[in-house]
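Participant: I am attaching a structure below and will ask some questions about it afterwards.
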Amino acid sequence: MALACLAGRAARASPSLRVACPIPIKAARRRLMMMLSALLAMLGGFLQPAERRYAVDPARSTVNATVGFFGIGSKTARFPRVDGAVTVGEGGVRLDVRLDAAALKASDGVTERRLKGENFFDVGRYPVVSFAGAGLKPTGPAAGTIQGNLTARGVTRPVTLEVRFSRPVAALGSGERFHVSAKTEIDRRDFGMTAYPVVVGRRVRIVIEADLQPSG
38 MALACLAGRA ARASPSLRVA CPIPIKAARR RLMMMLSALL AMLGGFLQPA ERRYAVDPAR
98 STVNATVGFF GIGSKTARFP RVDGAVTVGE GGVRLDVRLD AAALKASDGV TERRLKGENF
158 FDVGRYPVVS FAGAGLKPTG PAAGTIQGNL TARGVTRPVT LEVRFSRPVA ALGSGERFHV
218 SAKTEIDRRD FGMTAYPVVV GRRVRIVIEA DLQPSG
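Pasting the structure below:
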């Protein structure tokens, strides 16, 4: 081997005598390990799921809908039974939320009965309120807007949710729990809720607070 390496010194004088020196064993091992590490990293990227789904944790999630009352106060309907999911993938972020309208709570029995009645949510015929949206438009590292459709009382209307996550959007696919806060404002008349126009305001502020956990 040493003679072969020495022969390389003569290569400048005579190209026909050029002989390649062997790579030292330790250096060869280092190169091999680096190549294997790079290959594993590439394979790891390919083996990651195309999308990751997170389910709403019902025990740590709620939705509130607040409307003006007599122009000087407000009334809030709370939806304690929340179901849904956030899906994160190459196509962006998808958000699906479903509320059990029949389980809504209010500050007093009269308001609660009226909200569940046919003039408002009409829970006997329409027991579910839902939102489905996709295509997060970032407004910050952990915030953005999502366009989607809100369905209530059998009527579907487009709405825009302002959302904020407890971790950067780029890290949502990590498989760890996170929290999402979302809000929007609607006109109740767009959903056929036209009763008590003098007493009850027409603008309704909806706020979603949800914890999400890996699913599937």
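Each number in the working numbering comes from the position in the sequence shown (counting from 1) with 37 added on.
Cβ atoms here follow ideal geometry from the backbone N, Cα and C, with glycine treated the same way.
Note that this is a predicted model, so its numbers are computed, not measured.
#1: Among residues of its own chain, excluding the 5 on either side of Arg190, which ones have a beta-carbon nearer than 7 Å to its beta-carbon?
#2: Can you look up Asp145 in the DSSP assignment and give me helix, strand or coil?
#3: From the DSSP output, in three-state form, read off Phe116 for me.
#4: Does the separation of the CB atoms of Ser252 and Arg90 fall below 7 Å?
#5: Mapping the DSSP letters down to three states, classify Asp94 as helix, strand or coil.
#6: Sorted by chain position, which residues of the same chain lie with C-beta nearer than 7 Å to Ala92's C-beta, five sequence neighbours on each side aside?
#7: Using 7 Å as the threshold, is the C-beta distance between Val130 and Leu173 below it?
#8: Residue range of the beta strand (DSSP E) that Gly105 falls in?
Facilitator: Concretely, from the data shown:
#1: Phe158, Asp159, Tyr163, Phe228, Gly229 and Met230
#2: DSSP places Asp145 in coil when its eight states are reduced to three.
#3: strand
#4: yes
#5: coil
#6: Within the same chain, Ala92 has close Cβ partners Ala122, Leu249, Gln250 and Ser252.
#7: yes
#8: Thr99 to Phe106
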